[in-house]
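Everything below concerns the one structure shown next.
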Amino acid sequence: MLELHINGQTKRVQAEAETPFIYVLRNELGLVGTKQGCSLGQCGACTILVDGKALRACETATETLSGKSIVTIEGLKETFLQDAFIAEQAAQCGYCISGIIMTAAALLRTNPKPGKQEIKTALKDNLCRCGTHNRILKAIEKASQTHSESVRHV
Amino acid sequence: MSDLAKHFPPILTKYPLVKSWLKINPDNTVSVFPGKVELGQGIRTALAQIVAEELELPLQQICISEVTTQDSPDEGYTAGSASLEQSGLALRLAAAQLRESLRRAAALRYETPLELIDLKDGKVWQNETFLCGYAELKDWLEPDETISGQIAPKSPNTHKLIGQATQRLDILAKVKGEASFLHDIRLPEMVHGRILRPTVYGAKLKSLDITGLELTGLIRLERQGNFVGLVCQEEYQAVKALEKLTQRATWETFELPHFANIHNHLRALVTEDVVVKEGNPEATLERSEKRLEASYTTPYQAHTSVAPSCAIALFKDEHLTVWTHSQGIYPLRRELAKLLNRPEDSLTLIHKEGPGCYGHNGADDVAADAALLALAVPGKPVRVLWSLEQELQHEPYSPAMMLDIKAGLAANGKVNVWDFTGLTDTHVGRPGGTGDRLRAGWERSGTQLKWPGPSEGGYRNAETLYNLGEAKVTTKFYQGPLRVSALRTLGAFANTFANESFMDELAYLAGSDPVAFRLEHLDDRRARAVIEIAAQKANWQAHASPSGQGLGIAFARYKNVKAYVAQIVKLTLNSETAEIQIEKVITVCDAGQIINPDGLKNQLEGGTVQGISRTLYEEVHFDWDGDGMHDWDAYRVIGFETIPEIETFLIDQPALPILGAGEASMPPMAAAIANALYDATGIRMRDLPITPERIKKRLETLSETELEKVIL
Ligand code: FES
Ligand code: FES
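These protein sequence lines are chains A and B, in that order. So for the first sequence, our numbering puts the first residue at 1; every next one is plus one. So for the second sequence, our numbering puts the first residue at 1001; every next one is plus one.
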């Protein structure tokens, strides 16, 4: 039995230590917001935050997460990112969106006001097959602008 | 009779009753039963807008039902940019009928002249006095009211919702990470299946020795012929079990042609010709002032959804329920019934969204996989998910194509003869009731998939809207070595690449500007308009000589009857790496009446990006033994780093019929890029994808006169 800190809660999970975390999340914990794409660490659909950094849940053995702080899309504090995706209507099928929002959240934590090129680089390992890229880029750009402004005004 | 009612959709002959499409609920919401499914194209939102508009309801009071074989009309496949044109019109007529029935019912109930009854904000009014909600009129409505097509839909100048950018109904759940997809469904007692398949293309199972094999969590190992699947309690157990099982299998491989010159190989396999347009080009060609010929090729390409296909099936009380992200639940039900030898009505199919599919991918196959395993483990829902490698290798591809065109110019510089010959495999291998279209089926029986033969997809957009004098269009069909089926736009992508590249080549031969040259050959007013507006938005300048930066234009009207699109690409070529950097794409589209401009733009942008990806990167490639397509490194697609700026302009035609536009921006993309590359550098690329390696190779084969024009 492993103890995990996820979205601000402590959870005990049954899964074997080496089980990739994506299965634990989606099946045992019922947190299906983290999407499963390639399962090979290549598409970014399964991105989560671990101690604030973006990590691929499909490549991460569950045991390596004990003692760390895990955030999934369900527990993301940066809801202004989600608002911006809605404002820009940045989704077609939407399958890639959760992983992209998590990658963007990790970026904004270290670089609150990234330029377009920096956003593109941060997303270089996130796939979107529907071609929603420009709307996604715009959503992240806008989110970072409005957010950093609102932070300044506080 | 209104113009719209004149185009009475055939589906209404099959489902003539209002209640097949619409139901008023006690809480004054209206349930809508479409037969078309959500593929990420935003169809549910657009249909909700249409019904809400006709019924004078706020959008929030529309509930779009999920598409199932229990409750929804059989509208076949959701494909071919037909959903808004057909289902949209069917629902519009159904809603117009219901609106009038509600008014009549109110007049009856309140004994008021019909002219005084109004519907507004989801309520019934007499003059300005509130009478009741829609639900209260239920008993006054004719329960079996038919859709006559005689009730005119609202006039466009009274529209409040249609034509307005409308937020997608599904987006909130998707950005919050809710269970939006089939992949996310977790049913009670659900167990997990995986299928044993070869890791190289086309191999057949030779032996499988399971003596002493221990698989943790195994519930069932099911073998029927060469179909082998396993079911485990937990998903990761199933993943591990499949790994172990794969190590015990040996395969008989199947030799593939060399992909380096696959097109030459395919040319030899032609079996059937279809003359799309009769003509007699030879004599005119002889007489032409100038002549030109060129051959273009496109590779096998794949759908490669962002996630592999998935299905869940449950066999209980002699009834099989399948949750699927197929594009057509009724055709798939017919196919499964035949395959499983069970009556159709003992199967229920429920559509759930999957990752964008862009055509016929693995979704139908995996539904058969899940169905077979569910039958072996009655009472438990079995969820089957393919691996990425399985999706890349076992989905049906879009066929490689070759397009040969000859044309002549008259003394006035206009095209007076055009001779187009396309070569392609079929583009439609979808399941539909023959029982032999799903992978599990032929693995079980040891048979081969029967070749579906020529179909329209191969010559889609082979003809153009241009006046080309004596024109002949032929498409030859080959029966190739790989399984193929429908990928977004089918043959239109390759055919338009050739036609629009060749128009450009002819423009240069005529000493004319590519925009002006196109306009000189076009009468269609709307076609001319999209080209002219694109040129204006792009600041199109009459062509000078190559300068390193180029503009290229291409145009097509999808299927020659759907939306009009012109695109202009601005790009540069990195002279060191030979990489193309697209800076900007301008798209102009006339799709008739627009329901949701934001949804339409989203679709057009998506098609543009996929078009770029198919032009610059995508290519299915195998070694002779079928090795090669294992992960995303093997099948390159466009990523965020090279995404250009895209500007999309819409021409709204509120008084004209809707023209399907879901695919319309993809066909012109390849030629727009190739034409811009030529403008920038003087290098004419006729083979896709246009990779740096191909550009370098092409440079080596240029003649001296051609080389003189090249700028790098
Ligand atoms: S599913 Fe983890 S990176 Fe693709
Ligand atoms: S929106 Fe479909 S993959 Fe990104």
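Where a beta carbon is used, it is the ideal one built from N, C-alpha and C, also for glycine.
* Asked: Expressed to the nearest angstrom, what Euclidean distance is found between the alpha-carbon atoms of glutamate 1293 of chain B and methionine 1402 of chain B?
  -> One alpha carbon belongs to glutamate 1293 of chain B, the other to methionine 1402 of chain B, and they sit about 13 Å apart.
* Would you say glycine 1225 of chain B touches ligand 2, meaning its beta carbon is less than 7 Å from a heavy atom? -> In this structure, glycine 1225 of chain B has its beta carbon at no less than 7 Å from each heavy atom of ligand 2.
* To do: Kindly indicate which three-state DSSP category asparagine 7 of chain A falls into: helix, strand or coil?
  => In the structure shown, the three-state DSSP call for asparagine 7 of chain A is coil.
* Asked: Under a CB-based cut-off of 8 Å, is phenylalanine 1315 of chain B close to chain A?
  -> By this cut-off, phenylalanine 1315 of chain B is not an interface position.
* Segment limits, beta strand (DSSP E) that includes phenylalanine 1315 of chain B -> For phenylalanine 1315 of chain B, the uninterrupted beta strand (DSSP E) run begins and ends at 1310–1316, by DSSP.
* Who does serine 1031 of chain B pair with in a DSSP beta bridge? -> Beta-bridge pairing links serine 1031 of chain B to B:Lys1023 and B:Cys1063.
* Note down, in chain order, each residue of its chain lying with its Cβ closer than 7 Å to the Cβ of leucine 1084 of chain B, except the 5 sequence neighbours on either side. => Excluding sequence positions up to five before and after leucine 1084 of chain B, its CB lies within less than 7 Å of the CB of Ala1046, Ile1595, Ile1658 and Gly1660, all in the same chain and listed in chain order.
* To do: Please list, in chain order, all residues of the same chain as leucine 1098 of chain B whose beta carbon is under 7 Å from its beta carbon, the five residues on each side excluded.
  => Close CB contacts of leucine 1098 of chain B within its chain, under the 7 Å cut and outside five residues either way in sequence, are with Val1018, Leu1022 and Leu1055 (chain order).
* CA-to-CA distance, isoleucine 1405 of chain B to phenylalanine 1497 of chain B, given in whole angstroms -> Whole-angstrom Cα-Cα distance: 12 Å.
* Cutoff 8 Å: glycine 1163 of chain B Cβ touching any chain A Cβ -> Closer than 8 Å: no.
* Along the chain, where does the alpha helix (DSSP H) that runs through methionine 1503 of chain B open and close? -> First-last of the alpha helix (DSSP H) with methionine 1503 of chain B: 1492–1509.
* To do: Indicate whether at least one CB of chain B lies closer than 8 Å to the CB of proline 20 of chain A.
  => Proline 20 of chain A counts as touching chain B.
* Limits of the unbroken alpha helix (DSSP H) element including tyrosine 1236 of chain B -> Going by DSSP, tyrosine 1236 of chain B is part of the alpha helix (DSSP H) stretching over 1235–1247.
* Asked: Taking the alpha-carbon positions, what's the glutamate 3 of chain A to valine 13 of chain A distance?
  -> A direct Cα-Cα distance of roughly 7 Å separates glutamate 3 of chain A from valine 13 of chain A.
* Cβ of threonine 132 of chain A within 7 Å of any heavy atom in ligand 2? -> Because some heavy atom of ligand 2 lies under 7 Å away, the Cβ of threonine 132 of chain A counts as near it: yes.
* How about glycine 1639 of chain B: is its Cβ closer than 7 Å to a heavy atom in ligand 1? -> No, the beta carbon of glycine 1639 of chain B sits no closer than 7 Å to any heavy atom of ligand 1.
* the segment 1569–1588 of chain B in contact with the segment 1539–1554 of chain B per 3-pair CB rule at 8 Å -> These segments touch.
* If you draw a straight line from the alpha carbon of isoleucine 1147 of chain B to that of alanine 1165 of chain B, how long is it in whole angstroms? -> C-alpha separation (whole angstroms): 29 Å.
* **Proximity winner among B:Ile1673, B:Leu1089 and B:Pro1644, relative to glutamate 1075 of chain B (alpha-carbon distances)** => Closest option to glutamate 1075 of chain B, Cα to Cα, is B:Leu1089.
* Asked: Between methionine 1669 of chain B and the rest of its own chain, which residues show a CB-CB distance below 7 Å, the 5 nearest in sequence each way excluded?
  -> So the list reads Gln1567, Thr1608, Gly1611, Ile1612 and Thr1615, once near-sequence residues are dropped.
* Asked: From the beta carbon of glycine 115 of chain A, is the nearest beta carbon of chain B less than 8 Å away?
  -> Not closer than 8 Å to any Cβ of chain B, the Cβ of glycine 115 of chain A fails to qualify, so no.
* To do: Indicate whether phenylalanine 1517 of chain B and tyrosine 1201 of chain B have their beta-carbon atoms separated by less than 8 Å.
  => For phenylalanine 1517 of chain B and tyrosine 1201 of chain B, no; Cβs fall outside 8 Å.
* In three-state terms, what does DSSP make of alanine 1535 of chain B? -> Residue state, collapsed to three classes: helix.
* Would a C-beta distance cut-off of 8 Å place isoleucine 97 of chain A and alanine 57 of chain A closer than the cut-off? -> Taking 8 Å as the Cβ cut-off, isoleucine 97 of chain A and alanine 57 of chain A do not qualify as a contacting pair.
* Element boundaries [alpha helix (DSSP H), containing glutamine 1603 of chain B] -> Glutamine 1603 of chain B -> alpha helix (DSSP H) spans 1597–1616.
* May I ask which residues mark the beginning and end of the alpha helix (DSSP H) holding histidine 1394 of chain B? => Counting along the chain, the alpha helix (DSSP H) containing histidine 1394 of chain B begins and ends at 1388–1394.
* From what residue to what residue does the beta strand (DSSP E) around threonine 1158 of chain B run? -> Judged by DSSP secondary structure, threonine 1158 of chain B falls outside any beta strand (DSSP E); it is assigned neither H nor E.
* Report yes if the C-beta distance between leucine 1091 of chain B and glutamine 1327 of chain B is below 8 Å; otherwise report no. => Against a cut-off of 8 Å, the Cβ pair of glutamine 1327 of chain B and leucine 1091 of chain B comes out as no contact.
* **Reference glycine 1356 of chain B; option with closest CA among B:Val1384, B:Val1124, B:Pro1378 and B:Gly1662** => Minimum Cα distance to glycine 1356 of chain B is reached at B:Gly1662.
* To do: Using a Cβ-Cβ cut-off of 8 Å, state whether arginine 1186 of chain B counts as contacting chain A.
  => Cβ-Cβ to chain A under 8 Å: yes for arginine 1186 of chain B.
* **Where alanine 1005 of chain B sits in the DSSP three-state scheme** => The predicted model places alanine 1005 of chain B with a pLDDT of 49, which falls under 50 and marks its position as unreliable; any figure quoted below should be read in that light. Correct three-state label for alanine 1005 of chain B: helix.
* Asked: What residues are listed by DSSP as bridge partners for glycine 1279 of chain B?
  -> Per DSSP, none; premise fails for glycine 1279 of chain B.
* chain A contact residues for glutamine 1041 of chain B, given Cβ-Cβ distances below 8 Å -> The answer, in chain order, is Gln92.
* How would you label valine 154 of chain A, buried or exposed, when you count the other beta carbons within 10 angstroms and need 16 or more for buried? -> With a pLDDT of 45 at valine 154 of chain A, under the threshold of 50, the modelled position of this residue cannot be trusted; read the value that follows with caution. Valine 154 of chain A sits exposed, since fewer than 16 C-beta atoms from the chains shown fall within 10 Å of its C-beta.
* Asked: In its own chain, which residues sit with a C-beta less than 6 Å from the C-beta of alanine 1507 of chain B, not counting the 5 before and 5 after it?
  -> The answer, listed in chain order, is Pro1514 and Phe1517.
* **Within 8 Å, strictly: CB atoms of leucine 1245 of chain B and aspartate 1365 of chain B** => In this structure, aspartate 1365 of chain B does not lie closer than 8 Å to leucine 1245 of chain B by Cβ.
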